[in-house]
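Under the UniProt record's numbering, the residue at position 330 of the sequence shown is numbered 330, and the numbers go up by one with no gaps. Glycine included, each C-beta is placed from N, C-alpha and C at the ideal position. Below is one structure, written out as C-alpha cells, with a few remarks after it.
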Amino acid sequence: MDTVALRMQSVCRRVGACSSCLNRQLNGFLALIKRQRSPVPVCIRTIYSETGRWEKNYGQETRRRVENWWFPRIKEQFCRISETDKSRPKFYVLSMFPYPSGKLHMGHVRVYTISDTVARYQKMRGMQVLNPMGWDAFGLPAENAAIEHGLHPASWTQSNIQHMREQFDALGLSFTWEREVTTCLPEYYKWTQYLFLKLFESGIVYQKEALVNWDPVDQTVLANEQVDDNGCSWRSGAKVEQKYLKQWFIKTTAYAKAMFDALSDLPEWYGIKEMQANWIGDCVGCSLDFLLKVNGEVSGEKLAAYTYTPEAVYGASHLYILPSHRLLHGNSSLKEVFQREFIPGKDSLTSVTAVNLLTNQEIPVVISAKTSFENYLDTKIGIPSTSAEDAAVAKNLSISFTEVIEKLPNGLEKVINSGEFTGMTRQDALKALTQQAKNKGIGGDLMSDKLRDWLISRQRYWGTPIPVIHCQKCGTVPVPYEDLPVVLPNVTTFTGKGASPLETVPEWVNCACPRCKAEARREVDTMDTFVDSAWYYLRYTDPHNTDRPFNRDLADYWMPVDLYIGGKEHAVMHLFYARFFSHFCHELKMTKYKEPFHKLLVQGLIKNQTFRLRTTGQYLKREEVDLTGTEPVHLKTGEKVQVTWEKMSKSKHNGIDPEELMKEYGIDTIRLYILFAAPPEQDILWDTKTDAMPGVQRWQTRLWTLVTKLIEARTSETIPNPEVLSKKEKAEAKRIWEQKNLVISEVTEYFTKDHLFNAAISRLMSLSNVLHQASWPLVLHSAEYEDALATLCIMVAPMAPHIASEMWKGLAHMENKLCTHHNWGADVLHQSWPKVDPEYLQPPDVVEMSVLINNKACGKVFVPQQAARNVEEVHEIVLHSELGAKHLQGRTIKKAFLSPRTALINFLVQE
Numbered sequence: 001m002d003t004v005a006l007r008m009q010s011v012c013r014r015v016g017a018c019s020s021c022l023n024r025q026l027n028g029f030l031a032l033i034k035r036q037r038s039p040v041p042v043c044i045r046t047i048y049s050e051t052g053r054w055e056k057n058y059g060q061e062t063r064r065r066v067e068n069w070w071f072p073r074i075k076e077q078f079c080r081i082s083e084t085d086k087s088r089p090k091f092y093v094l095s096m097f098p099y100p101s102g103k104l105h106m107g108h109v110r111v112y113t114i115s116d117t118v119a120r121y122q123k124m125r126g127m128q129v130l131n132p133m134g135w136d137a138f139g140l141p142a143e144n145a146a147i148e149h150g151l152h153p154a155s156w157t158q159s160n161i162q163h164m165r166e167q168f169d170a171l172g173l174s175f176t177w178e179r180e181v182t183t184c185l186p187e188y189y190k191w192t193q194y195l196f197l198k199l200f201e202s203g204i205v206y207q208k209e210a211l212v213n214w215d216p217v218d219q220t221v222l223a224n225e226q227v228d229d230n231g232c233s234w235r236s237g238a239k240v241e242q243k244y245l246k247q248w249f250i251k252t253t254a255y256a257k258a259m260f261d262a263l264s265d266l267p268e269w270y271g272i273k274e275m276q277a278n279w280i281g282d283c284v285g286c287s288l289d290f291l292l293k294v295n296g297e298v299s300g301e302k303l304a305a306y307t308y309t310p311e312a313v314y315g316a317s318h319l320y321i322l323p324s325h326r327l328l329h330g331n332s333s334l335k336e337v338f339q340r341e342f343i344p345g346k347d348s349l350t351s352v353t354a355v356n357l358l359t360n361q362e363i364p365v366v367i368s369a370k371t372s373f374e375n376y377l378d379t380k381i382g383i384p385s386t387s388a389e390d391a392a393v394a395k396n397l398s399i400s401f402t403e404v405i406e407k408l409p410n411g412l413e414k415v416i417n418s419g420e421f422t423g424m425t426r427q428d429a430l431k432a433l434t435q436q437a438k439n440k441g442i443g444g445d446l447m448s449d450k451l452r453d454w455l456i457s458r459q460r461y462w463g464t465p466i467p468v469i470h471c472q473k474c475g476t477v478p479v480p481y482e483d484l485p486v487v488l489p490n491v492t493t494f495t496g497k498g499a500s501p502l503e504t505v506p507e508w509v510n511c512a513c514p515r516c517k518a519e520a521r522r523e524v525d526t527m528d529t530f531v532d533s534a535w536y537y538l539r540y541t542d543p544h545n546t547d548r549p550f551n552r553d554l555a556d557y558w559m560p561v562d563l564y565i566g567g568k569e570h571a572v573m574h575l576f577y578a579r580f581f582s583h584f585c586h587e588l589k590m591t592k593y594k595e596p597f598h599k600l601l602v603q604g605l606i607k608n609q610t611f612r613l614r615t616t617g618q619y620l621k622r623e624e625v626d627l628t629g630t631e632p633v634h635l636k637t638g639e640k641v642q643v644t645w646e647k648m649s650k651s652k653h654n655g656i657d658p659e660e661l662m663k664e665y666g667i668d669t670i671r672l673y674i675l676f677a678a679p680p681e682q683d684i685l686w687d688t689k690t691d692a693m694p695g696v697q698r699w700q701t702r703l704w705t706l707v708t709k710l711i712e713a714r715t716s717e718t719i720p721n722p723e724v725l726s727k728k729e730k731a732e733a734k735r736i737w738e739q740k741n742l743v744i745s746e747v748t749e750y751f752t753k754d755h756l757f758n759a760a761i762s763r764l765m766s767l768s769n770v771l772h773q774a775s776w777p778l779v780l781h782s783a784e785y786e787d788a789l790a791t792l793c794i795m796v797a798p799m800a801p802h803i804a805s806e807m808w809k810g811l812a813h814m815e816n817k818l819c820t821h822h823n824w825g826a827d828v829l830h831q832s833w834p835k836v837d838p839e840y841l842q843p844p845d846v847v848e849m850s851v852l853i854n855n856k857a858c859g860k861v862f863v864p865q866q867a868a869r870n871v872e873e874v875h876e877i878v879l880h881s882e883l884g885a886k887h888l889q890g891r892t893i894k895k896a897f898l899s900p901r902t903a904l905i906n907f908l909v910q911e
C-alpha cells in the first residue's frame, strides 16, 4: 500500500471509523488517486444494469455500454424449443438461407433483421417459434474459388461459414442455432440422395440425351431457368452455348397442374403468385409417349410429344419434330435417316413412324419447316380436327386423318371415332384419357407448353453426388438406401476444364454393381445445388435425424412455414422447386401438407448510388467524383458521370460494410433504420445523411428521455397519487390511454398482417410524441402515462431489443410504480405482447353529440348510447340541456337532422 493510502487509513482510525467504513473510504480514495494518475481520462458514465444508477443521456458511449451489456444476455434469451409442448401454438419463420461467401452484405442484414423481428414478436405473443439458419453450401462459387486460390472447396466453405456465423452473432440475431444445417455435409446430402432415389422409384427422375445450355466459363450445364433473356449464364454472365449431352432430369411437369391449382388456396404473395402462375402456364395439354419405328422395325427410340387437345388424340395424323431436335443431331440411331430425308425450309415427311402407346395408332413423323414451336416445345402431335394448321400440313403431305370432334345442337362438343372414349364430352374425354395415360405411365400429366422438366445434372465436383451406378449388364442401377450417403471423394486438383473432376478419382468411380456384383461405374455428374435447397425447410423440423430425412410428426407440427422471407430473385426458380418437392413428399405420405409456405414476404433490395463514366461504363468510387457542380464529373478527367441507384456491390464501388456500420451506429440503430426506411417489399435507397438514420437516432434519444423523465419523477419526494389530478388532467390521461390502445391495435396489425414495420415505427413515434407532450402532473401521478410508456418499451423490443431491455430494467426498478399488471420481474423480451384493454373495445355508455344550429356549431351534449341513433330522443335531450336552454329556448325549430355516424345533430330554426 502506498504512502497516501497509509495516511488515509491512519486518519480514519484516529476519528474512530468502523472497519466497513474504513474499507469503503479507502477503496474510493485509491480509485480516485488511480484516475488522477492515469494518463487517459476515464469516462464515469455507465448504465443502470451495471451500477443501479440511471444515466440520463443516451449518447454514443451509453449506447455502446447498453449494447455491450445486453448483447450476450439477449442472445441467450431466445429459448430452445421443444415439440413435446404441443399445447403452445407454433410459428415457423424462415428466411432463405445464404450461400457462405464469407462476408455479409446489407441484403443479408435486411432479410435477417426482418425475420429476427418477427421471431421475437411471435415469441412475445406466446408462440413456440422456429427461426432456423443454415448454409446453402454446395455450388460453383466455392469450386471456382478453389481453382483460383488453390484451396479445397470444403475448407473454403467451412472457413466462410465460421466467419459468417460470427458476423450473424455480432448482429444479435435470434436464430435457433441448434437446428443449423449445412448442405455440403454428408449428414445432410445423404437425405438429398434419399429423396432422389424416391423420385427415381416413382419414375419422376430419368436420364436422356438432350440439347442443353452449356456455360463455357463454368464448364457445366445450366437449367433453362438459369439462362437470362439475353442468353447468358445467370452466374458467370457468359454467352450460353447449345450442345447435346446425356443428362439427368426431374419430371416437374408431372406436378404442374397440381401446383398451378394450389396457388389459388394461398394468401396474396405480393405478386409472386402471379409470377409462379405465369412460369407454370395454363395447363391445358399434355405429353404422350410414342415408340418410333423405321421401315416397320422398332428402333428402340421413345419420344414424348405434346398436344394442346389430348381428348382428340385419336384424330392424330402425324408427329412433328423441329430441325434442331436431338434425333437429327445427337447419338440417336435414327440420326442418319432423319438427316437424309430432311428438306430445309419444307415440312418433310419421313419414313419414320411413331406408335402412340395409348391408342396404338401408327402415324408418320414430320420434320417441321418451322425453326421453333410455341415456347419450349420441340415435338408436337398434329391433330387436324382441332388445328387448321395441322390440317393444312396433313393435306399438303397427303396424310390421311380422321375427324374426332362432333358439335352438338346445344353448343357442346363430343368425341367420335375415339375407341372407348367415343360419345364422351370433350371435357370428360380429356379427364378419362389423361388418367388412363398416367395409369399406364406413358404421359398424361396436364401441363403447359411453357414448362420443361428440371435438368439437374452438373459436370462439376462441388455438389451432391447422384446416387446411381451404371452397369453394362443391369443398366442404370440406383445405389441401395443402406449404402447412402455416396460421399464425395477428396479431389485436390481442379482445372475447371473438360470432364467432371470426379473422373480423376478412379478408385471412387469404379465400383461393383449392387445387383450382379460385376464391374460398374458411378455416375460422375453432381446435382444442381437447387436440389439441396428445395427441401431444407423440412430438414429444419428434424435436423439431427439419422434414420430418415425428417420425422413426419415433427414436420406436421411445424409445417407449413408460416412466413417465408427472401429476395424476389428467388421467386420463380427456387420457389417452384421447393413447392415441387413439398408436393412430392406429400404424395409419398411423408407430410401432411402439400404447400410448404403459407405467407411469403419478398424483401426489396438495398441500393446505393453508383457513378459511371458515360463513355466506357467504368464504375468510379465516390471520392473520384466531383459533386459540387450542377452535374457530377470525374475529378481526374472532367468527364460527365452517370449517377444511378443500383444494388450494392463491391465491383460497383457502392457497397457498405455492415460491420463498420455496427461500430458507428450500433445494432439497434441499424435495425430500426432497416425496418423504418421502407416497407419490406420496396427497395431502400441508402443515404445515411439525409434519410431515416438521423430520425431513428433521435427517436431512441427521445425514448430514453421519456424513461429518464418518469424515473426522476418517481424518485422525487412527492408520492404519486392519481386522485390529485384535476378534471382536465384526468381527461388528458384518458386520451393517453386511448392513444395507447389505438397504437397497440394498429402496430399489432402491422406486425401480423402485412409486416409494415415502417408504419409500426411511425405509430410508436406518435405515441412517444404524445407522452413527450404530457404535463408534469401526469408524469408524476398518472397510471395511464406509466402504462403507456411501459407498453411502448415492450412494442419497441422486437425491433430494438438492447435499448428496450435497458429502459425496461430502469422502469422495473423504479420506485412507486402505479401499474401492477406488468411482469416487472422479467426482462422486456419475456413480456407478453400488449393487448387492447377490453373496455376500449366496448362502445361508450354515452356519446358526445355535436350540436349545430343552422349549420353552425354551437357546442356539444352528452347523449346515452342507446338513444344516439333516434332523432326524437336526441332532440328532446338537447332541448332539456343547458346548451338547448341557452340557444333553442323560445325559437321555432323547423327540422332536425341527425347523423349517428358522425355524432352530429343539426337544428334548422326560423331566424
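*For the beta strand (DSSP E) containing Pro-864, list its first residue and its last residue.*
Along the sequence shown, one-based indexing puts residue 864 at 864. Element bounds for Pro-864: 856-864.
*By Cβ distance below 6 Å, which residues in the same chain neighbour Val-365 in space, the five residues on each side in sequence not counted?*
As a working note, residue 365 is residue 365 in the sequence shown. A distance below 6 Å between beta-carbons, with the five flanking residues on each side excluded, links Val-365 to the following residues of its chain, in chain order: Leu-319, Thr-350, Val-352 and Ala-354.
*asked:* Comparing C-alpha positions only, which one of Gly-629, Ile-670, Thr-630 and Asn-608 sits nearest to Ser-651?
replied: Taking the sequence shown and counting its residues from 1, the one referred to as residue 651 is at position 651. In terms of Cα proximity to Ser-651, the closest of Gly-629, Ile-670, Thr-630 and Asn-608 is Asn-608.
*Please report how far the alpha carbon of Ser-287 lies from the alpha carbon of Glu-624, in whole angstroms.*
Taking the sequence shown and counting its residues from 1, one reaches residue 287 at position 287. Taking the sequence shown and counting its residues from 1, one reaches residue 624 at position 624. Distance between the alpha carbons of Ser-287 and Glu-624 is about 59 Å.
*How big is the Cα-Cα spacing for Met-559 and Arg-579?*
For this step, residue 559 is matched to residue 559 along the sequence shown. For this step, residue 579 is matched to residue 579 along the sequence shown. Those two C-alpha atoms are separated by around 13 Å.
*Arg-539 burial status per 10 Å Cβ neighbour count (16 or more: buried)*: Here residue 539 refers to the residue found at position 539 when the sequence shown is read from its first residue. By the neighbour-count rule (16 or more Cβ atoms within 10 Å), Arg-539 is buried.
*Could you tell me which residues DSSP puts in a beta bridge with Gln-697?*
In the sequence shown, the residue the question calls residue 697 occupies position 697. Listed as beta-bridge partners of Gln-697 by DSSP are no residues whatsoever.
*How far does the alpha helix (DSSP H) with residue 917 in it reach, from first residue to last?*
With the chain running from 1 to 911 in the structure shown, residue 917 is simply not present.
*asked:* Check for me: the beta strand (DSSP E) holding Asp-553 runs from which residue to which?
replied: Within the sequence shown, numbered from 1, the residue matching residue 553 stands at position 553. Here Asp-553 belongs to no beta strand (DSSP E); instead the alpha helix (DSSP H) covers 552-558.
*asked:* Run through the DSSP bridge pairs and tell me what Val-641 is partnered with.
replied: Walking along the sequence shown from the start, residue 641 turns up at place 641. Per DSSP, Leu-613.
*Spell out the partners DSSP gives Gln-435 in its beta bridges.*
Your numbering for residue 435 matches position 435 in the sequence shown. BP columns for Gln-435 are empty, so no partner.
*Take every Cβ of the stretch 457-476, pair it with every Cβ of the stretch 429-440, and state whether three or more of those distances are shorter than 8 Å.*
Fewer than three pairs of CB atoms, one per stretch, sit closer than 8 Å, so the stretch 457-476 makes no contact with the stretch 429-440.
*Between the Cα of Thr-644 and the Cα atoms of Leu-685, Gly-629, Pro-680 and Leu-672, which residue gives the shortest distance?*
Start at 1 with the first residue of the sequence shown, and residue 644 comes out as number 644. When each option's Cα is compared against that of Thr-644, the closest is Leu-685.
*Per DSSP, what kind of secondary structure is Ile-667 in: helix, strand or coil?*
By one-based count along the sequence shown, residue 667 stands at place 667. Helix, per DSSP.
*In this structure, does DSSP put Gln-158 in helix, strand or coil?*
Here the question's residue 158 lines up with position 158 in the sequence shown. In the structure shown, Gln-158 sits in a helix (DSSP, three-state: H, G or I).
*asked:* Within the continuous alpha helix (DSSP H) that includes Ala-277, where are the two ends?
replied: To locate residue 277, count along the sequence shown from 1; it is residue 277. Element bounds for Ala-277: 272-280.
_Within the continuous alpha helix (DSSP H) that includes Ile-456, where are the two ends?_
By one-based count along the sequence shown, residue 456 stands at place 456. That residue, Ile-456, is in no alpha helix (DSSP H); it is neither H nor E in DSSP.
*asked:* With H, G and I counted as helix, E and B as strand and the rest as coil, what does DSSP make of Tyr-206?
replied: The sequence position of residue 206 within the sequence shown is 206, counting from 1. In this structure, Tyr-206 counts as strand in the three-state DSSP scheme.
*Sequence-distant residues of the same chain with beta carbon closer than 7 Å to Ser-899, five excluded per side*: For the purposes of this step, residue 899 is identified with residue 899 of the sequence shown, where counting begins at 1. So no residue of the chain qualifies.
_Give me, in chain order, the residues of the same chain whose beta-carbon lies closer than 8 Å to that of Arg-24; leave out the 5 immediate sequence neighbours on both sides._
The residue you call residue 24 lines up with position 24 of the sequence shown. With a pLDDT of only 44 at Arg-24, under 50, the local geometry of the prediction cannot be trusted, and the value read off the model is given with reservation. Apart from the 5 residues on each side of it in sequence, Arg-24 has no Cβ closer than 8 Å to any other Cβ in its chain.
_Contacts around Arg-622, its chain only, beta-carbon distance under 6 Å, and the 5 residues preceding and following it disregarded_ = Taking the first residue of the sequence shown as 1, we reach residue 622 at position 622. Excluding residues within five positions, none has a Cβ falling inside 6 Å.
*Unbroken alpha helix (DSSP H) run spanning Leu-778, endpoints*: Looking up residue 778 in the sequence shown gives position 778. It spans 776-781 - the alpha helix (DSSP H) in which Leu-778 sits, taken as one unbroken run.
*State the Cα-Cα distance for the pair Ile-711 and His-822, rounded to the nearest angstrom.*
To locate residue 711, count along the sequence shown from 1; it is residue 711. To locate residue 822, count along the sequence shown from 1; it is residue 822. Between Ile-711 and His-822, the C-alpha separation is close to 17 Å.
_7 Å Cβ cutoff met for Leu-780 and Ala-713_ = As a first step, residue 780 is located in the sequence shown; it is residue number 780 there, counting from the start. As a first step, residue 713 is located in the sequence shown; it is residue number 713 there, counting from the start. Yes. Within cutoff.
_What does the Cβ neighbour count give for Asn-131, buried or exposed, with the cut at 16 atoms within 10 Å?_
Mapped onto the sequence shown, residue 131 falls at position 131. By the 10 Å Cβ count, Asn-131 comes out buried.
*Rounded straight-line distance, which links the Cα of Lys-647 to that of Ile-606*: Position 606 of the sequence shown, counting from 1, holds the residue named residue 606. Position 647 of the sequence shown, counting from 1, holds the residue named residue 647. Answer to the nearest angstrom: the Cα atoms are 6 Å apart.
*Is the stretch 462-472 touching the stretch 506-516 in the sense that three or more CB pairs, one from each, lie closer than 8 Å?*
yes
*Own chain residues within Cβ distance below 8 Å of Phe-862, not counting five before or after*: If you number the sequence shown from 1, residue 862 lands on position 862. Cβ within range, chain order: Val-846, Val-847, Glu-848 and Met-849.
_C-beta contact flag for Gly-810 and Trp-54 at 7 Å_ = Within the sequence shown, the letter at position 810 stands for residue 810. Within the sequence shown, the letter at position 54 stands for residue 54. Yes, the Cβ-Cβ distance between Gly-810 and Trp-54 is below 7 Å.
*For His-802 versus Val-66, is the C-beta distance shorter than 7 Å?*
Stepping through the sequence shown from its first residue, residue 802 is reached at position 802. Stepping through the sequence shown from its first residue, residue 66 is reached at position 66. Cβ distance < 7 Å, so His-802 and Val-66 count as in contact.
*Whose C-beta lies closer than 6 Å to the C-beta of His-163 among residues of the same chain, with five residues either side of it excluded?*
As a first step, residue 163 must be located in the sequence shown, where it is residue number 163. Taken in chain order, the residues that qualify are Gly-102.
*May I have the straight-line CA-CA distance separating Leu-613 from Lys-709, to the nearest angstrom?*
Position 613 of the sequence shown holds residue 613. Position 709 of the sequence shown holds residue 709. For Leu-613 and Lys-709, the distance between alpha carbons rounds to 54 Å.
_Cutting at 7 Å between CB atoms, please list the residues of its own chain near Phe-751, excluding the five before and the five after it._
Taking the sequence shown and counting its residues from 1, one reaches residue 751 at position 751. Tyr-121 and Ala-760.
*Hey, Ala-797 and Ala-804: beta-carbon distance below 7 Å or not?*
If you number the sequence shown from 1, residue 797 lands on position 797. If you number the sequence shown from 1, residue 804 lands on position 804. Yes, the pair counts as a contact, with Cβ atoms nearer than the cut-off.
*So what does DSSP say about Gly-107, is it helix, strand or coil?*
In the sequence shown, counting from the first residue as 1, residue 107 sits at position 107. In this structure, Gly-107 counts as helix in the three-state DSSP scheme.
*Are at least three pairs of beta-carbons, each pair with one atom in the stretch 417-428 and one in the stretch 389-404, less than 8 Å apart?*
Three or more beta-carbon pairs separated by less than 8 Å link the stretch 417-428 to the stretch 389-404, which places the two stretches in contact.
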